[in-house]
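Participant: Note that the protein sequences, when read in sequence, are chains A and B.
Just so it is clear: in the first sequence, position 129 is 128 by numbering that gives the first Met the number 0, and no numbers are missing.
Just so it is clear: in the second sequence, position 99 is 98 by numbering that gives the first Met the number 0, and no numbers are missing.
There are 2 protein chains.
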Amino acid sequence: MRITYRTDYALKTILELGLHFGQDSAPTIHEIAERLDIPEKFLEQILLDLKRGGFVESRRGKIGGYFLSQKPREITLGKVIRFIEGPIEPVACVGHNYKGCQDIRSCVFRNIWQRVAESTAKIIDGITFEDLVKQVKGKEAVSSYSI
Amino acid sequence: MRITYRTDYALKTILELGLHFGQDSAPTIHEIAERLDIPEKFLEQILLDLKRGGFVESRRGKIGGYFLSQKPREITLGKVIRFIEGPIEPVACVGHNYKGCQDIRSCVFRNIWQRVAESTAKIIDGITFEDLVKQVKGKEAVSSYSI
DNA sequence: TGTATACTCTACTATGTTAATAGAGATTAT
DNA sequence: ATAATCTCTATTAACATAGTAGAGTATACA
Numbered sequence: 000m001r002i003t004y005r006t007d008y009a010l011k012t013i014l015e016l017g018l019h020f021g022q023d024s025a026p027t028i029h030e031i032a033e034r035l036d037i038p039e040k041f042l043e044q045i046l047l048d049l050k051r052g053g054f055v056e057s058r059r060g061k062i063g064g065y066f067l068s069q070k071p072r073e074i075t076l077g078k079v080i081r082f083i084e085g086p087i088e089p090v091a092c093v094g095h096n097y098k099g100c101q102d103i104r105s106c107v108f109r110n111i112w113q114r115v116a117e118s119t120a121k122i123i124d125g126i127t128f129e130d131l132v133k134q135v136k137g138k139e140a141v142s143s144y145s146i
Numbered sequence: 000m001r002i003t004y005r006t007d008y009a010l011k012t013i014l015e016l017g018l019h020f021g022q023d024s025a026p027t028i029h030e031i032a033e034r035l036d037i038p039e040k041f042l043e044q045i046l047l048d049l050k051r052g053g054f055v056e057s058r059r060g061k062i063g064g065y066f067l068s069q070k071p072r073e074i075t076l077g078k079v080i081r082f083i084e085g086p087i088e089p090v091a092c093v094g095h096n097y098k099g100c101q102d103i104r105s106c107v108f109r110n111i112w113q114r115v116a117e118s119t120a121k122i123i124d125g126i127t128f129e130d131l132v133k134q135v136k137g138k139e140a141v142s143s144y145s146i
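1. Which of helix, strand or coil does DSSP assign to ARG58 (chain A)?
2. Does any CB atom of chain A fall closer than 8 angstroms to the CB of PHE20 (chain B)?
3. Using the C-alpha atoms, what's the distance from THR75 (chain A) back to GLY125 (chain A)?
4. If the criterion is Cβ atoms closer than 8 angstroms, does the pair GLY17 (chain B) and LEU131 (chain B) meet it?
5. Does any C-beta atom of chain B lie closer than 8 angstroms to the C-beta of PHE108 (chain A)?
6. Determine the DSSP secondary structure at THR12 (chain B), reduced to helix, strand or coil.
7. Taking 8 angstroms as the threshold, find out whether the region 110-123 of chain B comes into contact with the region 108-126 of chain A through three or more Cβ pairs.
8. Going along chain A in order, which residues have a C-beta closer than 8 angstroms to the C-beta of SER160 (chain B)?
9. On the DSSP bridge assignment, give the partners of TYR65 (chain A) in chain order.
10. Quick one: any contact between the region 36-44 of chain B and the region 1-12 of chain B, if contact means 3 or more CB pairs under 8 angstroms?
11. ARG81 (chain A) touches chain B at which residues, Cβ-Cβ below 7 angstroms?
12. Identify each residue in the region 27-39 of chain B for which the Cβ-Cβ distance to at least one residue of chain A is less than 9 angstroms, and report them in chain order.
13. Run through chain B and tell me which residues come within less than 7 angstroms of LYS138 (chain A), C-beta to C-beta.
14. Please classify PRO71 (chain A): is it buried, with 16 or more other beta-carbons within 10 angstroms of its beta-carbon, or exposed?
15. Pull up the distance between the alpha-carbon of VAL135 (chain A) and that of ILE28 (chain B), whole angstroms please.
16. Give a yes or no on whether the C-beta atoms belonging to GLU84 (chain B) and THR3 (chain B) are separated by under 8 angstroms.
17. Can GLY52 (chain B) and ARG58 (chain B) be called in contact, C-beta distance under 8 angstroms?
18. Which residues in the same chain as GLU30 (chain B) place their Cβ atom closer than 8 angstroms to its Cβ, once the five residues preceding and following it in sequence are excluded?
19. Taking 8 angstroms as the threshold (C-beta atoms), are LEU67 (chain A) and PHE20 (chain A) in contact?
20. Is there a Cβ from chain A that is less than 8 angstroms from the Cβ of SER57 (chain B)?
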């Protein structure tokens, strides 16, 4: 698995919105971009994408902004990563019609990539944004000089 | 982690040479390319690379070819993958000076990427080409119509 | 000693992806 | 009305990947 900036930004943005969940504040693209140091126009695209994915909702106009459309508890890292990046398998092969997988020698590797994908999935599917929100709130409460 | 064709070919090539280990045959680039269905000139580059990495040695001239310079047992998948692909961490961040890692919120993700990298490493560092050679020889003995 | 064979090395190219930028359009609170 | 904000499509610069090209070097063997 490899994480692109697009995914990195998406995850941080959802965490940010997760920290606001429950309050009825809806941070704007501009605010999020500034706070997380993400190019604003790029974030704009990412948020539209996340909206289409059903992760966030938006309000337009004067008091517009973004907010989560699911509880942080219901959003796992895996869901977001797969939505942005596509499948997490290390090679195209892990699927169906990969030319190299006809003979035994290639299957030896195929099995390994599957094990890798499964172990990654086990981690990222086991973490929700509620977990992350708690971690951040816990740590920010302790170290008093954080954002 | 993501596997490029370059790595895919490198691994299959080393497995192929592993199957010849002990015999004093040295398959040529041409033979390997044909058998594994790899573009010959591309494989040429990869083999030179693997040579510089200390995985294979070569003999030039009439009876030239390639052979492993280490025992299959001493070559792990992890060594080869890292040599070709570079570090397996999912983001540039897992290292030292990633701008996003100054605050707690980013570190939350950083820890996760490290867990993913570690679980991947655990798998690929635990498999040697001896293991793979045995698997292939075992299976090829059973199903009689394989290559 | 010539020659065929096979490895060695450097440079180039086509294609695709990523990260970002640009700008016009649509909605909404006041 | 209008200012603020989200929405949408197109474009671009930089980079990585996969592959191609061709000239050069070493070696076995007749």
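Every residue, glycine too, gets a C-beta built ideally from N, C-alpha and C.
All values derive from a computational prediction rather than experimental measurement.
Facilitator: In brief:
1. Here ARG58 (chain A) sits in strand by DSSP.
2. no
3. 7 angstroms
4. yes
5. At a cut-off of 8 angstroms between beta carbons, PHE108 (chain A) contacts chain B.
6. helix
7. yes
8. There is simply no residue 160 (chain B) to check, as chain B begins at 0 and stops at 146 in what is shown.
9. A:SER57
10. yes
11. Chain B residues near ARG81 (chain A): none, gap ~14 angstroms exceeds 7 angstroms.
12. Within the region 27-39 of chain B, the qualifying residues are LEU35 and ASP36.
13. ILE103
14. Result: buried.
15. 54 angstroms
16. yes
17. No, the Cβ-Cβ distance between GLY52 (chain B) and ARG58 (chain B) is not below 8 angstroms.
18. The answer, listed in chain order, is GLY64.
19. yes
20. no
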